[in-house]
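Q: Got a structure for you, questions after.
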Amino acid sequence: MTGRIRIVRNLMGGVALGMLSLGFVVAPLTTPPAQAQLEQLPSVADLAERLLPSVVEISVQTKSDTSGPALQMPNLPDNSPFKDFFDEFLKKQRRGQSPEPQDRSVSSMGSGFVIDASGLIVTNNHVVEGAESIEVHFQDTTILKAELVGRDPKTDLAVLRVKSEKPLPVVAFGDSDVLRIGEWVMAIGNPFGLGGSVSLGLVSARNRDINAGPYDDFLQTDAAINKGNSGGPLFNLKGEVVGINTAIFSPTGGSVGIGFSVPANTAKGVIDQLVKFGETRRGWFGVKIQSVTDDIAESMAMGKARGALIADVTKTGPAEKAGIEPGDVVIEFNGKPVNAMRDLPRIVADTEIGKKVPIKIFRKGKELELMAEVGRLEDGEKVVAQQDGGSGTAPAPAVLTVLGMTVSSMTDELRQKYAIDAEIKGAVVTEVTADSAAADKRLEPGDVITEAGEKAVTGAADISASIEEAEKAGKNSVLLLVSKGGKQTEMRFIALKLKK
């Protein structure tokens with residue numbers, strides 16, 4: 000085999016002479032398809048030249064306490080030859096220390112881009128958070144002082160304003176919803192404080208949830224994004240902003256081919272509100288939600304897992320007024336499907352405040368439609384923080400063991416022992432057997448079961464009755480609503496298997 004390869008190479012090296020002497024007609028060599036495609040990729044030089052003036056460097060000054068922690072002796076043995084050295088060193092350092100904390104100015108940098116010729120600039124919230132002063136550096140070396148118009152920690156966006164004697168070069172937003180995985184994108188920013196820098200890559204994923212906030216829906220790209228790129232634009236090849244570079248996944252702080260950008264269609268509504276009101280005005284529904292797992296979907300006989308499961312309803316909130324109950328699954332809101340739990344917060348947030356909207360829910364084997372008037376999130380958060388629950392009266396004591404856990408009807412002693420919130424009613428988990436169905440679902444002593452089989456639990460006997468009912472119906476699991484640690488703020492549904 001090796002000899003054949005070597006011969007072919009020799010023939011290729013003398014193909015012109017050998018073939019002509021034999022009278023063969025030789026066709027010209029063609030470019031392989033993959034190479035031809037690479038050669039057709041357009042240059043982005045003209046595009047970069049046009050866009051660079053609109054991308055700016057954000058320089059931020061913040062104050063930092065310089066007093067720092069007290070100097071301490073390293074943990075050295077008494078016979079260490081370095082002990083005397085460190086003793087003397089620390090004495091000198093302590094003599095020079097100021098007893099009073101001192102503030103010093105700390106500089107940090109990020110990126111941004113101009114969206115209005117009058118001086119409106121978009122960047123990340125984390126770039127300007129806590130800023131004492133902000134400067135914007137343009138490509139032509141112009142430096143302008145900036146004021147904060149508004150910021151939104153939930154989407155990590157902020158808007159600045161500068162005053163310029165001449166119109167500033169601007170860029171426009173594009174439609175991020177039409178972006179496809181594999182499309183070329185270009186990131187421009189200020190990595191490591193070096194000034195304007197351009198990188199090219201692909202959209203490698205969409206709809207990424209990186210647990211950065213309640214409205215995560217990031218674009219993922221392999222266009223190099225490093226420290227200092229935060230707040231900079233991600234462009235399509237039309238020169239439209241399709242994302243705002245916000246985060247990177249990296250063990251070192253540098254680009255490893257995974258960067259995340261807030262989609263333009265998410266950012267536009269937030270930016271409009273910040274410019275108009277100086278704050279966001281999002282819709283509010285007044286519920287706590289969790290994912291619908293396959294186990295939960297099976298226990299509720301709803302078929303395919305979908306929607307957002309209502310774990311708790313805020314008193315006097317829009318959901319309660321609409322008739323929403325814990326255990327309902329929201330599958331559509333204002334005409335938009337809720338395919339997964341994380342869809343609902345974004346849909347509600349984008350809904351006009353005060354608007355009455357239809358809501359489709361799944362409840363006890365049936366689909367129902369309700370109407371709700373959307374509230375304002377910022378007002379709703381204040382309502383939740385101020386609400387107080389009632390105490391209620393505990394049912395008669397009873398204890399039983401089911402599915403690997405011991406449960407007891409609520410008593411004053413149990414409420415005090417596990418610091419259970421006054422408004423929580425149900426049966427208390429007091430013991431969990433290892434390698435049991437309850438242990439698999441991480442139930443622990445102090446958890447309170449408030450519903451079983453979509454029915455309220457007033458005592459331990461109710462749980463036993465719901466389990467028997469589920470077994471008679473041929474179900475593989477029973478649905479429990481559990482207050483983790485007995486806390487009102489930690490309500491969640493658990494599908495507990497009937498057979499381990």
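In case it helps, numbering that gives the first Met the number 0 puts the sequence shown at residues 0 to 499. Glycine included, C-beta positions come from ideal geometry on N, C-alpha and C. This one's a predicted model, so the numbers in the text were calculated from it and none came from an experiment.
For alanine 145, which of Val113, Asp139 and Asp174 has the nearest alpha-carbon?
A: The option with the nearest alpha carbon to alanine 145 is Val113.
Q: Less than 9 Å between the beta carbons of isoleucine 57 and glycine 109, yes or no?
A: Yes, Cβ-Cβ distance for isoleucine 57 and glycine 109 is below 9 Å.
Q: Verify whether the separation of the beta carbon atoms of lysine 320 and phenylalanine 172 is less than 9 Å.
A: Contact flag unset, no.
Q: Need the endpoints of the alpha helix (DSSP H) that arginine 414 sits in, please.
A: First-last of the alpha helix (DSSP H) with arginine 414: 411-416.
Q: Since threonine 405 sits in a beta bridge, which residues does DSSP pair it with?
A: Threonine 405 is bridged to Thr400 and Glu430.
Q: Hey, isoleucine 257 and methionine 340: beta-carbon distance below 9 Å or not?
A: Not closer than 9 Å, so no.
Q: Can you tell me where the alpha helix (DSSP H) holding isoleucine 506 begins and where it ends?
A: The first residue shown for the chain is 0 and the last is 499, placing residue 506 beyond what the model contains.
Q: Is leucine 19 helix, strand or coil when you go by DSSP?
A: Only weak support exists for where leucine 19 lies, its pLDDT of 34 falling under 50; the coordinates are left without a value.
Q: Since glycine 306 contacts valine 329 with CB under 8 Å, what's their CB separation in whole angstroms?
A: 6 Å between Cβ atoms; contact.
Q: When you compare the CB of alanine 204 with every CB in chain B, is at least one pair closer than 9 Å?
A: In the displayed structure, chain B is absent; only one protein chain is listed.
Q: Please classify phenylalanine 259 as buried or exposed, where buried requires at least 16 other C-beta atoms within 10 Å of its C-beta.
A: It counts as buried.
Q: Just to check my reading of the structure: glycine 195 and glutamine 272 have Cβ atoms closer than 8 Å, yes? What is that Cβ distance to the nearest angstrom?
A: The pair is not a contact, with the Cβ atoms about 29 Å apart (cut-off 8 Å).
Q: Give the secondary structure of threonine 245 by DSSP, where H, G and I count as helix, E and B as strand, and everything else as coil.
A: Strand at threonine 245.
Q: DSSP has alanine 494 in a bridge; who is on the other side?
A: Its beta-bridge partners are Leu478.
Q: Thinking phenylalanine 234 and leucine 50 are a contact (beta carbons under 8 Å), I'd like their distance in whole angstroms, please.
A: With 8 Å as the limit, phenylalanine 234 and leucine 50 qualify as a contact, their Cβ atoms being about 6 Å apart.
Q: Assuming serine 163 contacts leucine 143 under a Cβ cut-off of 8 Å, what Cβ separation, rounded to an integer in Å, is found between them?
A: Contact holds; Cβ gap of about 6 Å.
Q: If you run the structure through DSSP and keep just helix, strand and coil, what is glycine 391?
A: Unreliable placement is indicated for glycine 391, whose pLDDT of 39 sits below 50; the coordinate value is still reported in the next sentence. Glycine 391 falls in the coil class under three-state DSSP.
Q: Kindly list the residues whose CB is nearer than 8 Å to the CB of glutamate 534, restricted to its own chain and excluding five residues on each side of it in sequence; keep chain order.
A: Outside the shown range of the chain, which is 0 to 499, sits residue 534, and nothing can be said about it.
Q: Lysine 454 and serine 465 look like a contact to me (Cβ under 8 Å); what is the Cβ gap, rounded to whole Å?
A: Right, the Cβ-Cβ distance comes to about 6 Å (below 8 Å), so this counts as a contact.
Q: I think valine 406 touches valine 428, with their Cβ atoms under 8 Å apart; what is that distance to the nearest whole Å?
A: Going by Cβ atoms, the distance from valine 406 to valine 428 rounds to 6 Å, so yes, they are a contact pair.
Q: Once DSSP output is grouped into helix, strand and coil, what is the label at serine 106?
A: In this structure, serine 106 counts as strand in the three-state DSSP scheme.
Q: Taking the C-alpha atoms as reference points, what is the distance between valine 105 and arginine 281?
A: Their backbone Cα atoms lie some 34 Å apart in a straight line.
Q: So, are the CB atoms of isoleucine 243 and valine 121 less than 9 Å apart?
A: Their beta carbons are under 9 Å apart, which means isoleucine 243 touches valine 121 by this criterion.
Q: Only counting the same chain, and skipping five residues up and downstream in sequence, which positions put a Cβ closer than 6 Å to that of alanine 417?
A: Checking the sequence shown, residue 417 turns out to be tyrosine, not alanine. Correct list, in chain order: Gly445 and Gly485.
Q: My guess is that isoleucine 352 and glycine 374 are in contact by the Cβ rule of under 8 Å, so how many angstroms apart are they, rounded?
A: Isoleucine 352 to glycine 374, Cβ: 7 Å. Contact.
Q: Please classify isoleucine 209: is it buried, with 16 or more other beta-carbons within 10 angstroms of its beta-carbon, or exposed?
A: The residue is exposed, with fewer than 16 neighbouring Cβ atoms inside 10 Å.
Q: For arginine 579, count neighbouring Cβ atoms within 10 angstroms of its own Cβ and tell me buried if that reaches 16, exposed if not.
A: The requested residue 579 is not part of the displayed model; the chain covers only 0 to 499.
Q: Is DSSP giving asparagine 206 helix, strand or coil here?
A: Strand at asparagine 206.
Q: Confirm, please, whether the CB-CB distance from valine 54 to isoleucine 187 is below 9 Å.
A: Yes, these two residues count as a Cβ contact at 9 Å.
Q: Per the DSSP calculation, phenylalanine 234 is bridged to which residue(s)?
A: Looking at the DSSP assignment, phenylalanine 234 forms a beta bridge with Met185 and Val240.
Q: Give the list of continuous alpha helix (DSSP H) stretches no shorter than 4 residues that lie fully inside the segment 330-354.
A: You should have 342-348.
Q: Do threonine 140 and serine 107 have their C-beta atoms closer together than 9 Å?
A: Result no, Cβ atoms of threonine 140 and serine 107 do not sit closer than 9 Å.
Q: If you drop the 5 nearest sequence neighbours on each side, which residues of the same chain put their C-beta closer than 6 Å to that of leucine 236?
A: The answer, listed in chain order, is Trp183.
Q: Could you have a look at arginine 280 and say whether DSSP puts it in helix, strand or coil?
A: Coil at arginine 280, not helix or strand.
Q: Roughly how many whole angstroms lie between the Cα atoms of glycine 389 and glycine 322?
A: Caution applies to glycine 389, whose pLDDT of 40 falls short of 50 and renders its modelled position unreliable; the value that the coordinates give is listed next. Distance between the alpha carbons of glycine 389 and glycine 322 is about 20 Å.
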